[in-house]
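Here is the structure we will look at, set down as structure tokens.
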Amino acid sequence: MRNQSPSQRGAIKRMRYSEEQIIVILTEHETGAKCADLYRKHGMAETLSPPLTI
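With the working numbering, letter number 7 in the sequence shown gets 7, and the count goes up by one each step, no holes.
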């Protein structure tokens, strides 16, 4: 079906985070929070997200 949107075709929906949310997540990581804990806390899929590296 050509006129369907990506969500109607079953495409994966990408969640967008605001700049403020990203800053909070990075700040938590810098203070020692583990990536797995941050993924879980903020509802990110660990297997689909690139690793948090700073």
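Where a beta carbon is used, it is the ideal one built from N, C-alpha and C, also for glycine.
Query, Result
"Could you tell me which of ARG16, THR31 and ILE25 sits nearest to TYR39, measuring between CA atoms?", "ILE25"
"In this structure, how does DSSP classify TYR17 when only helix, strand and coil are distinguished?", "coil"
"Ignore the nearest five residues each way along the sequence and tell me which others in GLN21's own chain have a CB closer than 8 Å to its CB.", "HIS42"
"Helix, strand or coil for ALA36, going by three-state DSSP, please let me know.", "helix"
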